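Here the structure comes first, spelled out in structure tokens, and everything after it is commentary.
In our numbering, the protein residues as written are 8 to 118.
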């Protein structure tokens with residue numbers, strides 16, 4: 008899970024707040040990340056992805072509004088792209104590409 012670095016305005020209630028996004032890259036033990044943190048690979052039960060790529064993009068989905076708890080918004084409003092460089096989360100933004108859901112949870116952008 009990743010705490011989004013910039014506040015988002017809920018399309019349901021109109022309130023601005025700090026949202027969280029679920030994504031699958033690294034250890035899948037519901038660790039809460041912030042931009043600037045290193046991805047944890049030490050969880051032995053469930054890991055997604057491969058460590059050691061120079062630049063990776065992971066796709067995630069926003070959780071419910073921190074104010075009204077609305078969720079399940081129309082695609083692509085609730086999709087996010089998380090950029091990871093040398094296993095450090097460097098950015099997280101709403102996905103405005105129009106691609107919708109990717110075939111996989113993450114993509115290698117640079118080896």
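Every residue, glycine too, gets a C-beta built ideally from N, C-alpha and C. Since this is a predicted model, take the numbers as computed values, not measurements.
Three-way DSSP call (helix, strand, coil) for residue i in this model
i, result
"residue 52", "coil"
"residue 3", "In the structure displayed, the chain extends from 8 to 118; residue 3 sits before or after that span and is not available."
"residue 33", "strand"
"residue 42", "coil"
"residue 71", "coil"
"residue 104", "coil"
Cβ separation of residue i and residue j, assumed to be a contact under 8 Å, to the nearest whole Å
i, j, result
"residue 83", "residue 105", "7 Å"
"residue 28", "residue 97", "Their Cβ separation, rounded to whole angstroms, is 15 Å, which puts residue 28 and residue 97 out of contact at 8 Å."
"residue 15", "residue 99", "That belief does not hold up - the Cβ atoms of residue 15 and residue 99 are roughly 11 Å apart, past 8 Å."
"residue 73", "residue 21", "The pair is not a contact, with the Cβ atoms about 13 Å apart (cut-off 8 Å)."
Segment limits, beta strand (DSSP E) that includes residue i
i, result
"residue 77", "From DSSP, residue 77 is part of no beta strand (DSSP E); its letter is neither H nor E."
"residue 113", "113-117"
"residue 19", "Unbroken run through residue 19: none, as it is neither H nor E."
Proximity below 8 Å, CB of residue i to CB of residue j
i, j, result
"residue 95", "residue 58", "no"
"residue 47", "residue 34", "yes"
Pick from the options that is closest to residue i, judged by C-alpha positions
i, options, result
"residue 63", "12, 108, 112 and 13", "112"
"residue 42", "115, 102, 92 and 12", "12"
"residue 117", "61, 39 and 54", "61"
Proximity test, Cβ basis, 8 Å: residue i and chain D
i, result
"residue 31", "Here chain D cannot be found, since the structure has a single protein chain."
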